[in-house]
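A quick write-up on the structure given underneath.
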Amino acid sequence: MATVAATATRRRPRRRRGPGLRARLSSVAWATLAWFAGIVFFFPVLWMVITSFKPEAAAYTSNPKFDFSPTLSEYKQVFSAGMGPFLANSAIATVLSVLLVLALATPAAYALSLRPVGKWRDALFFFISTKMLPVVAAIVPIYLAVREVDMLDSIPTLIILYTAMNLPIAVWMMRSFFLEVPGEILEAARMDGADLRHELTEVVLPVVAPGLAATALICAIFAWNEFFFAVNLTSIRAATMPVFLVGFVSSEGLFWAKLAAAATIASVPVLIAGWVAQRQLVRGLSMGAIK
Amino acid sequence: MSATAAPAQRVATRRPRGAEEAKARRERWARRGPLLPALIFLIIVTQIPFVLTVFYSLFSWDLAKPGSPHWVGLSNYGAVFTDPVFFAAVLHTVEITFISVGIATLLGLGLAVLLDRAFVGRAIVRTLLISPFLILPTAAGLIWKTTLLDPTYGIVNWIIRIFGGTPVAFVTAQPMASVIATVVWQWTPFEMLILLAGLQSMPRDVLEAARVDGASALASFRELTLPHLRSYLELGILLGAIYVVNTFDAIYMVTQGGPGTETTNLPYYIYQRAFLGFEVGQSAALGVVTVVGTLIVASVALRVMFSIFIEDNTAKA
């Protein structure tokens, strides 16, 4: 080891870093920097929430006002502006599209991993390539087709489109979770003559269950936050929260406190879900490449 | 499926070799079965509209005016390629994607390195850092445009004034920077999470050995950590780009593509032509050109993606 050390430290003398003053100082500096970054990134969210509790007049001050008497009146106004149905539409479109995505993606991912079809590479390629096509390029025919079958401004339309939007990513994620199923266990179960249902429920499901949750979470985030289809294909009956927010700006004007209250309500469900399920978020985002 | 199996069996009783073939065919279809619903669904919902886009792009069709569409051949494409706003929109799309994903990845890398070390409250800091990704993008656009970037009441200008600077009317004077800032803020956590996972999958003993051998932190980061992170960087950049290319919410909320067309990207431009201008044929032609351009870029990107996942991650038989 001495020789390795000698070659590696041509310029720097080898320093022993125990829990000395230097090390302690550097770890304090490290923590401070990390906390500073965290607060800077979180600040817009915090400021949105703070503003939402302000009386309207306190939202417009050239020096930010922190000493105000918090009020819920902005929230009351947002709810009385008829936000309820929009919130419900968002929830229905999100939950049902996620269920549909999982129902379609799980068997497909199985057929691309554990019991693969002949051309699984081509199929996998096809799935992700649909994600590369910009959705704006198809909006015109989608709009005309939806109008033709009289399904403008309807939640089923959103559910179908959100399912298509999330399906490729879900297939890729689920596939990588299926690949985590240990081959030996699968082989052993098949040797023991386990039928397909037994194989799936007893062997595969326990391993992929967390992956299923991760996939559902990611798809739910994208569905809840989706704006482009919603603004172009819905107006009143099926409009979701992002559309409400936009309509709120144009009908009520830019009243910051009220807007902040609406923005907070629109963001809170996904924010809390993401906080609670951070581990799933990481697994899902890295497409299961990371354990 | 049983319909195909029945005649296959009849053949099988006559010829033993056919029986094996039929069995193999049955096995193939049993494997394909679970794949088909997703495949068919996706073909119907995503591919047919693109075929129709090509079709519509050959017509002149104004939804706002009476009269049916009429055939104009390739003239919509001529209009696209002589349209200066189109080229501006292409440029802005590339600009937004490259700069935003670039900055978000660098920031994400820095934050991931910070979070990779143990310190007091690490879990809380990570929670704070992922929050921008979870905020409704339309809400994020609104918050940035108003409470943060407003020339008189915005927090950013308050900070600028504290340091003795002159306030900036960001959304009108620096529209592109305002859009990019919003996009970067939203996508940095995404890059950070992917890279953090990469850092945490790094074998500790290798880094420890390098440290004991006296390698400087910077040297071991460059020589050991970065090569290990490579596939995670590629994944983060690729996925980030897929989503950022389609940026619509931030532009809609912050600048409405303006002032003029300074921040109009392709998604926003097609939206304007289709839903504010009601020009079906024109916007369809724009769509086709966008798809072709994207496909060229994407075919390179897809190859990268495949090298990440398929090489050492092949399917089990």
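Heads up: the sequence lines are chains H and B, in that order.
For the first sequence, position 2 (counting from the first letter as 1) is numbered -17 according to my numbering, and the numbering increases by one without interruption.
In my numbering, each number is its position in the second sequence, counted from 1, plus 20.
C-beta atoms are modelled at their ideal positions from N, C-alpha and C, and glycine is treated no differently.
query	result
Positions along the segment 174 to 186 of chain B whose CB lies within less than 7 Å of some CB in chain H	I175 and W178
Span separating the alpha-carbon of F210(H) from that of A175(H)	45 Å
Coil, strand or helix - Q8(H) by DSSP	The residue asked about is misnamed: residue 8(H) is Ser in this sequence, not Gln. Note: S8(H) maps to helix in three-state DSSP.
Cross-strand partners of E299(B) (DSSP beta bridge)	D82(B)
C-beta atoms of L262(H) and I150(B) nearer than 8 Å	yes
Segments of 3+ residues assigned as beta strand (DSSP E) that fall wholly inside the segment 102 to 181 of chain B	none
Residue span of the alpha helix (DSSP H) that contains E282(B), given as start and end	Segment: none, E282(B) is in no alpha helix (DSSP H) and carries neither H nor E.
Whether G65(H) touches L154(B) by CB criterion (8 Å)	no
Beta-carbon gap between L83(B) and F298(B) smaller than 8 Å	yes
Cβ contact (3+ pairs, closer than 8 Å) linking the segment 35 to 49 of chain H and the segment 8 to 16 of chain H	no
Strand pairing of H90(B), partner residues [DSSP]	S80(B)
Spatially closest choice to R221(H) from T75(H), K100(H), E180(H) and E168(H), by CA coordinates	The question names Arg, but residue 221(H) is Thr in the sequence shown. Taking only the C-alpha atoms, the option nearest T221(H) is T75(H).
Residue from Q67(B), V317(B) and I214(B) whose Cα sits closest to the Cα of G15(B)	Nothing can be reported for residue 15(B): it is not among the residues displayed for chain B, which extend from 21 to 337.
Between the CA atoms of N147(H) and I179(B) - distance to the nearest angstrom	40 Å
Contacts that Y76(B) makes with chain H (C-beta to C-beta distance below 8 Å)	V121, P122 and L125
Interfacial residues, the segment 55 to 67 of chain B to chain H, with Cβ spacing under 9 Å	L55, L56, P57, A58, L59, F61, L62, I63, I64, V65, T66 and Q67
Boundaries (first-last residue) of the alpha helix (DSSP H) holding S251(B)	L246 to V264
Short CB-CB distance (under 8 Å) between N44(H) and chain B	yes
Interface residues of the segment 0 to 17 of chain H facing chain B [CB-CB below 7 Å]	S8, W11, A12, L14, A15 and W16
Touching by the beta-carbon criterion (3+ pairs, under 8 Å), the segment 67 to 79 of chain B and the segment 87 to 105 of chain B	yes
S157(H) burial status per 10 Å Cβ neighbour count (16 or more: buried)	buried
Chain-order list of residues whose beta-carbon lies under 7 Å from that of R3(H) (same chain, five-residue window excluded)	none
Classification of D48(H) by the beta-carbon crowding that lies within 10 angstroms, buried from 16 upward	exposed
A(-17)(H) burial status per 10 Å Cβ neighbour count (16 or more: buried)	Because A(-17)(H) carries a pLDDT of 43, less than 50, the predicted location of this residue cannot be relied on, and the following value inherits that uncertainty. Result: exposed.
Proximal residues of chain H, C-beta to C-beta of N266(B) below 8 Å	P115, V116, V117 and F209
Distance between E168(H) and A92(H) (C-alpha atoms, nearest Å)	16 Å
N213(H): contacting residues in chain B (beta-carbon distance under 9 Å)	Y291, A294 and F295
Residues that P157(B) contacts on chain H, provided the C-beta gap is smaller than 8 Å	N206, F208 and P223
Beta-carbon proximity check, A118(H) vs T192(B), cutoff 8 Å	no
Neighbour-count burial assignment, I31(H), 16 or more Cβ in a 10 Å radius	buried
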